[in-house]
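For the sequence shown, the positions run 188 to 581 when the working numbering is used.
Positions of the beta carbon are idealized from the N, C-alpha and C atoms, including for glycine.
Quick caveat, the model's predicted, so the values are computed rather than measured.
In what follows, a structure is listed as structure tokens, so that the remarks can point back to it.
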Amino acid sequence: MSFLFFDKLLSRLDKVDPARLQTHMARLRSEWKMQETILQSIQEGVMVFDGAGRLVSANAAAEKLLSFKTEQLRGKTMTAFFDDFDLEALAASGGKDDAKGGAWHRMASREIELTYPERRIVSVYAVPMHCDGAEPSVLVILRDVTAERAREASALEDERQGAVKQLAAGVAHEIGNPLNALNIHLQLLGREVRSVEDEDTRKSLSELVDVARNEVSRLDGIIRQFLEALRPSKPDLRPCDMVALVGETLGVMRVEIENRRIAVSVSAPGSPPEALADPGQMKQVFFNLVKNALEAMADGGRLDIGVSYDDSFIRIDFRDNGKGMPEEELGRIFEAYHTTKEHGTGLGLMIVQRIVRDHGGQIEVSSKEGEGACFRVRLPLARKRVRKIADNRE
Ligand code: ADP
Ligand code: MG
Numbered sequence: 188m189s190f191l192f193f194d195k196l197l198s199r200l201d202k203v204d205p206a207r208l209q210t211h212m213a214r215l216r217s218e219w220k221m222q223e224t225i226l227q228s229i230q231e232g233v234m235v236f237d238g239a240g241r242l243v244s245a246n247a248a249a250e251k252l253l254s255f256k257t258e259q260l261r262g263k264t265m266t267a268f269f270d271d272f273d274l275e276a277l278a279a280s281g282g283k284d285d286a287k288g289g290a291w292h293r294m295a296s297r298e299i300e301l302t303y304p305e306r307r308i309v310s311v312y313a314v315p316m317h318c319d320g321a322e323p324s325v326l327v328i329l330r331d332v333t334a335e336r337a338r339e340a341s342a343l344e345d346e347r348q349g350a351v352k353q354l355a356a357g358v359a360h361e362i363g364n365p366l367n368a369l370n371i372h373l374q375l376l377g378r379e380v381r382s383v384e385d386e387d388t389r390k391s392l393s394e395l396v397d398v399a400r401n402e403v404s405r406l407d408g409i410i411r412q413f414l415e416a417l418r419p420s421k422p423d424l425r426p427c428d429m430v431a432l433v434g435e436t437l438g439v440m441r442v443e444i445e446n447r448r449i450a451v452s453v454s455a456p457g458s459p460p461e462a463l464a465d466p467g468q469m470k471q472v473f474f475n476l477v478k479n480a481l482e483a484m485a486d487g488g489r490l491d492i493g494v495s496y497d498d499s500f501i502r503i504d505f506r507d508n509g510k511g512m513p514e515e516e517l518g519r520i521f522e523a524y525h526t527t528k529e530h531g532t533g534l535g536l537m538i539v540q541r542i543v544r545d546h547g548g549q550i551e552v553s554s555k556e557g558e559g560a561c562f563r564v565r566l567p568l569a570r571k572r573v574r575k576i577a578d579n580r581e
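Right, here's the structure in full:
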């Protein structure tokens, strides 16, 4: 039933006979019900506020996104939902740009971040409505763009990593070859030095050669890390005991842990189920995380490694009480080449992130400057613990 027809009906209401009016009303009602059903079943959240910014109605999607019940919050002002909404300007603008530069457009492009009940990015699109004779009101349309934004961010990251790869491949290639030659010649030199007769000269020469060989092997390590970062191999996934892998990694690092006087603890309540992982790559992840923790604790400290799990994931936490990081640093640590260390490569965490991501896992970090850092790795379990559907129902 069109509005035109409805208007005509209204203007002739006194002349329409009651039976026909009833038929029209019934049609109107079913039409209204259909619109209501459509409104309730679309994915976008729809909210209507009156001119004073009070909630008039909302559909199910809006209630779900913002986690509220219309019945409870009807009449609440818009600021209860969106902090700094300039509703009056919006309602007054009537869909046209106002002198202040167009509230309409400003609102139309807005995105807000919700943290409750879970982190979501919602695009908020507000349209002023001026119907003839009716109070001005505002229609707010909400769309969940979390997945879209995540896809964009990861595409951007991939692009950035592609550029890094090209550059680094060249560098690694150029440095790798002369480095090998240098190593071989230093070995030869070391042998020659051993046959020097004068003991003092022999000693000081062999010390010099040792320093040079150490530096060459350090450089070699850096190049190897580069190449690991560049040649991502697909993880060879199999069920793995994470506690055992952590133990093996710590075994390799025992000397450094002792030298730095770090107390390391591993706690794993119960016996955690196996995770689906590539054991070699996972050890590389743990190695990098432990190494960073050690390097953050210049003069002794604690590193607590905790293993826990839920129905689908295993979580391995590395918590140290080293120097931690300021907040602005946190966003950059996974970037290639980002390092705060004199001899750092800034590749460790990039490799860690890539491996964890290739495993379908997640890595999170939290830290407070001066107090320590905590890295959390989550990996899918080899066998998801299946709950009966009934358990998930209220
Ligand atoms: P690198 O160790 O070569 O610097 P990484 O990618 O491993 O490169 O780490 C990047 C940066 O992140 C480090 O330089 C450091 O500033 C910071 N970082 C990483 N782990 C920790 C930690 N456990 N405590 C404090 N800072 C850390
Ligand atoms: Mg590192």
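Rounded straight-line distance, which links the Cα of R216 to that of E258:
Translated into the one-based positions of the sequence shown, residue 258 becomes position 71. Translated into the one-based positions of the sequence shown, residue 216 becomes position 29. Each residue's Cα considered, the two are about 22 Å apart.
Would the C-beta of M512 count as close to the ligand ADP, meaning under 7 Å from any of its heavy atoms?
If you number the sequence shown from 1, residue 512 lands on position 325. Yes; taking the cut-off as 7 Å, the Cβ of M512 has a heavy atom of the ligand ADP nearer than that.
Can you give me the start and stop residues for the alpha helix (DSSP H) that I449 sits inside?
Locating residue 449 in the sequence shown gives position 262, where the first residue counts as 1. Segment 449-454 is the beta strand (DSSP E) holding I449; no alpha helix (DSSP H) there.
Assign K555 to one of three DSSP states: helix, strand, or coil.
Residue numbering aside, residue 555 sits at position 368 when the sequence shown is read from its first letter. Of the three classes helix, strand and coil, the one that applies to K555 here is strand, per DSSP.
Residues bridged to G493 by DSSP?
One-based indexing of the sequence shown puts residue 493 at position 306. DSSP, once it has assigned bridges, lists S454, D504 as partnering G493.
Counted within 10 angstroms of its Cβ, other Cβ atoms place F193 as buried (16 or more) or exposed:
Residue numbering aside, residue 193 sits at position 6 when the sequence shown is read from its first letter. Classification for F193: exposed.
Measuring from the CB of G531, is there a heavy atom of the ligand MG at a distance below 7 Å?
Here residue 531 corresponds to residue number 344 of the sequence shown, with the count starting at 1. Yes, since a heavy atom of the ligand MG falls inside the 7 Å radius drawn around the Cβ of G531.
So, does the stretch 559-571 touch the stretch 454-466, judging by three or more C-beta pairs under 8 Å?
yes
Within 10 angstroms of the Cβ of I449, are there 16 or more other Cβ atoms? Answer buried if so, exposed if not.
Here the question's residue 449 lines up with position 262 in the sequence shown. I449 is buried by the Cβ-count criterion.
Determine, using beta carbons only, whether P304 and S254 come nearer to each other than 8 Å.
For the purposes of this step, residue 304 is taken as residue 117 along the sequence shown, with counting starting at 1. For the purposes of this step, residue 254 is taken as residue 67 along the sequence shown, with counting starting at 1. Yes, the pair counts as a contact, with Cβ atoms nearer than the cut-off.
So what does DSSP say about P567, is it helix, strand or coil?
Taking the first residue of the sequence shown as 1, we reach residue 567 at position 380. Residue state, collapsed to three classes: strand.
Do A523 and A416 have their C-beta atoms within less than 8 Å of each other?
By one-based count along the sequence shown, residue 523 stands at place 336. By one-based count along the sequence shown, residue 416 stands at place 229. Yes, the pair counts as a contact, with Cβ atoms nearer than the cut-off.
Under the three-state DSSP convention, the category G281 falls into
Numbered from 1 along the sequence shown, position 94 holds the residue referred to as residue 281. Summary for G281: the model assigns pLDDT 49, below 50, so the residue's position carries little reliability; its value from the coordinates is reported in the next sentence. Reduced to three states, the DSSP call for G281 is coil.
Buried versus exposed, by CB contacts within 10 Å (16 or more), H546:
Here residue 546 corresponds to residue number 359 of the sequence shown, with the count starting at 1. Counting Cβ neighbours within 10 Å, H546 comes out buried, since at least 16 surround it.
What did DSSP end up calling V439 once you bin it into helix, strand or coil?
Translated into positions along the sequence shown, residue 439 becomes position 252. In the structure shown, V439 sits in a helix (DSSP, three-state: H, G or I).
Is M484 helix, strand or coil by DSSP?
Position 297 of the sequence shown, counted from the start, is the residue given in the question as residue 484. In this structure, M484 counts as coil in the three-state DSSP scheme.
Going straight from the alpha carbon of S391 to that of R378, what length do you get?
Taking the sequence shown and counting its residues from 1, one reaches residue 391 at position 204. Taking the sequence shown and counting its residues from 1, one reaches residue 378 at position 191. The straight-line gap from Cα to Cα measures roughly 14 Å.
When you compare the CB positions of L373 and R400, do they come within less than 8 Å of one another, or not?
For this step, residue 373 is matched to residue 186 along the sequence shown. For this step, residue 400 is matched to residue 213 along the sequence shown. Yes. Within cutoff.
Delimiting residues of the beta strand (DSSP E) encompassing I142:
Nothing can be reported for residue 142, as the shown portion of the chain is limited to 188 through 581.
For the ligand MG, is there a heavy atom less than 7 Å away from the beta-carbon of N479?
Here residue 479 refers to the residue found at position 292 of the sequence shown. Within 7 Å of the C-beta of N479 there is at least one heavy atom belonging to the ligand MG.
Own chain partners of L589 with C-beta closer than 8 Å, once the 5 adjacent residues on each side are dropped
Residue 589 lies beyond the residue range present for the chain, which begins at 188 and ends at 581; the question has no answer from this structure.
Are the beta-carbon atoms of C561 and R502 separated by less than 8 Å?
As a working mapping, residue 561 is identified with position 374 in the sequence shown. As a working mapping, residue 502 is identified with position 315 in the sequence shown. No; because the gap between Cβ atoms is not below 8 Å, this pair is not in contact.
Could you tell me which uninterrupted beta strand (DSSP E) segments, each at least 3 residues in length, are contained entirely in the stretch 214-262, listed from first to last along the chain?
232-237, 242-245
I299 bridges to which residues according to DSSP?
By one-based count along the sequence shown, residue 299 stands at place 112. DSSP, once it has assigned bridges, lists V309 as partnering I299.
Measuring alpha carbon to alpha carbon, tell me which residue in K478, S499, V403 is nearest R489.
Indexing the sequence shown from 1 puts residue 489 at position 302. The shortest C-alpha separation from R489 is found at K478.
Between G535 and the ligand MG, is the CB less than 7 Å from at least one heavy atom?
Working through the sequence shown from its first residue, we reach residue 535 at position 348. Under cutoff, so the answer is yes.
Nearest by alpha-carbon distance to R241: which of E335, M484, F268 is it?
Numbered from 1 along the sequence shown, position 54 holds the residue referred to as residue 241. If we check each option's Cα against that of R241, F268 comes out closest.
Assuming contact is defined by CB atoms lying nearer than 8 Å, are V433 and V453 in contact in what I supplied?
Start at 1 with the first residue of the sequence shown, and residue 433 comes out as number 246. Start at 1 with the first residue of the sequence shown, and residue 453 comes out as number 266. In contact: V433 and V453 (Cβ atoms closer than 8 Å).
Give me whichever residues DSSP pairs with T264 in a beta bridge.
As a working note, residue 264 is residue 77 in the sequence shown. Answer by DSSP bridge pairing, in chain order: R241.
V325 in three-state terms, based on DSSP:
For the purposes of this step, residue 325 is taken as residue 138 along the sequence shown, with counting starting at 1. V325: strand per DSSP, three-state reduction.
Report whether the distance from the Cβ of N508 to the nearest heavy atom of the ligand ADP is below 7 Å.
In the sequence shown, residue 508 corresponds to position 321, counting from 1. No.
Are the beta-carbon atoms of A511 and E556 separated by less than 8 Å?
Start at 1 with the first residue of the sequence shown, and residue 511 comes out as number 324. Start at 1 with the first residue of the sequence shown, and residue 556 comes out as number 369. Position check: residue 511 holds Gly in this sequence, whereas Ala was assumed. Result yes, Cβ atoms of G511 and E556 sit closer than 8 Å.
Taking 6 Å as the limit between beta carbons, can you name the residues of its chain near G281, skipping five residues before and five after?
Residue numbering aside, residue 281 sits at position 94 when the sequence shown is read from its first letter. In this prediction, G281 scores a pLDDT of 49, lower than 50, which makes its location untrustworthy; no coordinate-derived value is stated.
Under the three-state DSSP convention, the category P460 falls into:
If you number the sequence shown from 1, residue 460 lands on position 273. It is coil, neither helix nor strand.
P426 by DSSP, collapsed to three states: which one?
Reading the sequence shown from its first residue, position 239 is the one you call residue 426. Looking at P426 - three-state DSSP - the assignment turns out to be strand.
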